[in-house]
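Each remark here refers to the structure printed beneath this line.
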Amino acid sequence: MDEPDARDVVAEALFRPHQGGKMPSAAYVSEEGDLLTALKYTYLFWPKLVEVEGAVIIVLDGNVYDEVIGRLAQRGDSSSSWTDAVDSFNWFELCYLFRQWYDLGDWHMDTSRELGQVLVRAWRARLLEAYPDREFLVRLLEPTDDWDPRIEVVQVAPPLLTPDSWRAAS
Numbered sequence: 001m002d003e004p005d006a007r008d009v010v011a012e013a014l015f016r017p018h019q020g021g022k023m024p025s026a027a028y029v030s031e032e033g034d035l036l037t038a039l040k041y042t043y044l045f046w047p048k049l050v051e052v053e054g055a056v057i058i059v060l061d062g063n064v065y066d067e068v069i070g071r072l073a074q075r076g077d078s079s080s081s082w083t084d085a086v087d088s089f090n091w092f093e094l095c096y097l098f099r100q101w102y103d104l105g106d107w108h109m110d111t112s113r114e115l116g117q118v119l120v121r122a123w124r125a126r127l128l129e130a131y132p133d134r135e136f137l138v139r140l141l142e143p144t145d146d147w148d149p150r151i152e153v154v155q156v157a158p159p160l161l162t163p164d165s166w167r168a169a170s
């Protein structure tokens, strides 16, 4: 049997008061979950990907798809480089992935870190499956004074090349 990990510690601390008893962390999925909820979260753990001019973008919010295409189609008034513009779509502060907030008290950072570590592994696998000939850096960045824990995704190889449509507007 696997030893409890940090994810178990966080889950048990947050779920137990609501359940009134001891239950293995993994049991919460079958006890509290359902097929529809599980299907909804597959998009978080195995996200949609969109490719624009050779750049791969992780799409977690369906409405963002059109925004990604629109903002990357041409440079417009942006002073950002192509790489900076692409990277801005592949940066995810964990606490803002959801619109529903719960007071996690002292467990907020631990919860964000544990979710982030799982997402990093899942997103690496997703990118490798979809783009086996490319290399991506997917990492969890620690909180700072300005930011909660966040995930950064960067295409390392092949390097991003600035498309003509982006260059023409400069």
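Quick note on the UniProt record's numbering: the sequence shown kicks off at 1 and runs consecutively. Note that the Cβ used here is the ideal one computed from N, Cα and C, for glycine as well. Model, not experiment: these values are computed from the prediction.
| query | Would a C-beta distance cut-off of 9 Å place Phe89 and Ile58 closer than the cut-off? | reply | Note that the C-beta distance between Phe89 and Ile58 is below 9 Å.
| said: Going residue by residue through the region 52 to 96, where are the continuous alpha helix (DSSP H) segments of at least 4 residues, counting only ones entirely within it? | reply: Within the region 52 to 96, the complete alpha helix (DSSP H) runs of at least 4 residues are 64 to 73, 82 to 89.
| Cα-Cα separation, Ser30 to Tyr65 | Computed Cα separation, rounded: 32 Å.
| Which whole-angstrom value describes the C-beta separation of Thr83 and Leu160, a residue pair presumed to lie in contact below a C-beta threshold of 8 Å? | Indeed, because the Cβ distance is near 5 Å, the residues count as touching under 8 Å.
| request: Between the Cα of Glu93 and those of Ser80, Met109, Ser81, Leu49, spot the shortest distance and give me the residue it belongs to. | output: Among Ser80, Met109, Ser81, Leu49, the Cα nearest to that of Glu93 belongs to Met109.
| request: Using only alpha-carbon positions, find the residue among Leu115, Ala157, Val120 that is nearest to Glu135. | output: Among Leu115, Ala157, Val120, the Cα nearest to that of Glu135 is on Ala157.
| field | Beta-carbon separation (whole angstroms), Ile151 vs Val118, contact threshold 8 Å | value | Incorrect: roughly 11 Å between the Cβ atoms, too far for contact.
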